[in-house]
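The sequence shown maps to residues -7 to 305 in my numbering. All remarks here apply to the structure that follows.
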Amino acid sequence: MNLSLPKISIITPSYNQGKYLEQTILSVTNQNYPNLEYIIMDGGSSDDSVKIIKKHSNELAYWESKKDNGQADAINKGLSKCTGEIICWLNSDDVLMKGALENIAQKFKTINEPAIVSGNYRTIDLNGVVIWQPKSEIDNLYVSNYSELDLLKCWRNTLPQPSTFWNRAAFEKMRLLNANFHFAMDLEYWLRAINMGIKIYKTNNIYSSFRIHSESKSSTLEIKLKEELKSLQKTYLRKKAEAFFYNISFFIWFSSESKINKAIGLVNNGNIRGSLLEIAKSIVYFPINVIFKARNYFYYFKVLAKFTLNLNK
-7 MNLSLPKISI ITPSYNQGKY LEQTILSVTN QNYPNLEYII MDGGSSDDSV
43 KIIKKHSNEL AYWESKKDNG QADAINKGLS KCTGEIICWL NSDDVLMKGA
93 LENIAQKFKT INEPAIVSGN YRTIDLNGVV IWQPKSEIDN LYVSNYSELD
143 LLKCWRNTLP QPSTFWNRAA FEKMRLLNAN FHFAMDLEYW LRAINMGIKI
193 YKTNNIYSSF RIHSESKSST LEIKLKEELK SLQKTYLRKK AEAFFYNISF
243 FIWFSSESKI NKAIGLVNNG NIRGSLLEIA KSIVYFPINV IFKARNYFYY
293 FKVLAKFTLN LNK
């Protein structure tokens, strides 16, 4: 073991994600990082997840498959067990980019304070095909000056969760996730960090691939996400003017995103006419998002084209 490189702890929470889980595991273990502590917390899956985990158990520091109280609870259980100097969690449908761990380790070697380092990311589809990625990747590191408002605009993916790491000194201050949050737990964590004076460093290095699912989000889940984001806004945006303009931006983003998700769900259910109507509404009501959320529309039309081709076979 190369002890000159800091120990990195990675936690993967999972539940019935056997379809993608092995890709996630291999993206971590194939890094060949010499000082790795990899922990998988499975919530008692009923698919082939446990079989996959057991297949790779020799490469894991710890794993379990037990019922939990959701994703944040699973991550917290992993955080309570990890001993690394650098920490992150990687969801069981996302993957790390080659060389990500060694690069992030070198970044933290230059930092001597509680800190978060967040890199860039790309998006992939269900089959791992790249949908979008940054135009360029620069190996740099700089201190950000993000405000609460910057982080709350989560549609900008300011701190993409699978590409964000923090050191032990930061963890000793931040501790566990707020398990009352089931969708915005990462955003709550970052907001808490900057309010504790923890510095956020940014780099343009691409550390992960974030997988976009074609499955439609239910209206219930969307309502819960909206409630969590509104709760954070009330806690961290104390200036009325900031809150006013944030609420307008939030409404535009959330409404547009909701219609795109609904349109994708309708495609999957075979309702092409209804799907096209929803996507048309999204474009007419929020035309600016055709530019700012172009990859979401691209993904919708990709799903639509694939469904149509399969229908005509």
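C-beta atoms are modelled at their ideal positions from N, C-alpha and C, and glycine is treated no differently.
Can you tell me whether DSSP reads residue i as helix, strand or coil?
| i | result |
| --- | --- |
| Gly111 | strand |
| Asn195 | The sequence given here has Thr at residue 195, not Asn. Strand at Thr195. |
| Thr227 | helix |
| Lys209 | With a pLDDT of only 48 at Lys209, under 50, the local geometry of the prediction cannot be trusted, and the value read off the model is given with reservation. The answer is coil: DSSP assigns Lys209 none of H, G, I, E or B. |
| Gly88 | The residue asked about is misnamed: residue 88 is Leu in this sequence, not Gly. In the structure shown, Leu88 sits in a strand (DSSP, three-state: E or B). |
| Glu203 | The sequence given here has Arg at residue 203, not Glu. Strand at Arg203. |
| Tyr291 | helix |
| Gln9 | coil |
| Ile382 | Lying outside -7 to 305, the shown extent of the chain, residue 382 is not represented and no answer is given. |
| Tyr138 | coil |
| Ile96 | helix |
| Ile130 | coil |
| Ile103 | coil |
| Ile215 | helix |
| Ser(-4) | coil |
Would you grab the beta carbon distance between residue i and residue j for me? Rounded to a whole angstrom, and I think it's under 8 Å.
| i | j | result |
| --- | --- | --- |
| Ala23 | Leu93 | According to the sequence displayed, residue 23 carries Gln and not Ala. Contact holds; Cβ gap of about 5 Å. |
| Pro5 | Asn83 | 7 Å |
| Cys74 | Glu29 | 6 Å |
| Leu221 | Ala176 | 6 Å |
| Leu71 | Ile3 | 6 Å |
| Asp86 | Phe237 | Actually they do not touch by this definition, with Cβ atoms about 32 Å apart. |
| Ile204 | Tyr291 | 6 Å |
| Ser136 | Ile192 | 5 Å |
| Ile78 | Phe157 | 5 Å |
| Lys294 | Glu270 | 16 Å between Cβ atoms; not a contact. |
| Tyr113 | Ser200 | 5 Å |
| Asn159 | Phe100 | 6 Å |
| Thr150 | Leu141 | Actually they are not in contact, since the Cβ atoms of Thr150 and Leu141 sit about 10 Å apart, beyond 8 Å. |
| Val259 | Leu301 | About 12 Å separates the two Cβ atoms, so there is no contact after all. |
| Tyr12 | Gly35 | No, Tyr12 and Gly35 are not in contact; Cβ-Cβ is about 15 Å, not under 8 Å. |
Which residues mark the beginning and the end of the beta strand (DSSP E) in which residue i is found?
| i | result |
| --- | --- |
| Ile0 | Ile0 to Ser6 |
| Ile283 | Per DSSP, Ile283 belongs to no beta strand (DSSP E); it is in the alpha helix (DSSP H), Asn281 to Phe284. |
| Phe157 | Thr156 to Asn159 |
| Ile123 | Val122 to Trp124 |
Specify, as a first and last residue, the run of the alpha helix (DSSP H) that residue i falls within.
| i | result |
| --- | --- |
| Tyr277 | Ile264 to Tyr277 |
| Ile67 | Gln63 to Lys73 |
| Leu183 | Met177 to Asn187 |
| Ala235 | Lys232 to Asn260 |
contact_flag[the region 39 to 58, the region 13 to 20] where n(CB pairs < 8 Å) is 3 or more: yes
Residue ranges of each beta strand (DSSP E) within the region 18 to 58, 3 or longer: 28 to 34 and 54 to 57
Sufficient close CB pairs (3 or more, under 8 Å) joining the region 192 to 200 to the region 131 to 151: yes
Meets three-Cβ-pair contact criterion under 8 Å: the region 268 to 287 and the region 234 to 253: yes
Cβ contact check for the region 112 to 129 and the region 61 to 69: 3 or more pairs under 8 Å: no
Stretch-stretch touch, CB-based, cutoff 8 Å, three pairs: the region 86 to 100 with the region 177 to 190: no
Cβ pair count under 8 Å reaching 3, the region 103 to 117 against the region 160 to 173: yes
Segment contact flag, the region 258 to 267 with the region 223 to 233, C-beta cutoff 8 Å, min 3 pairs: no
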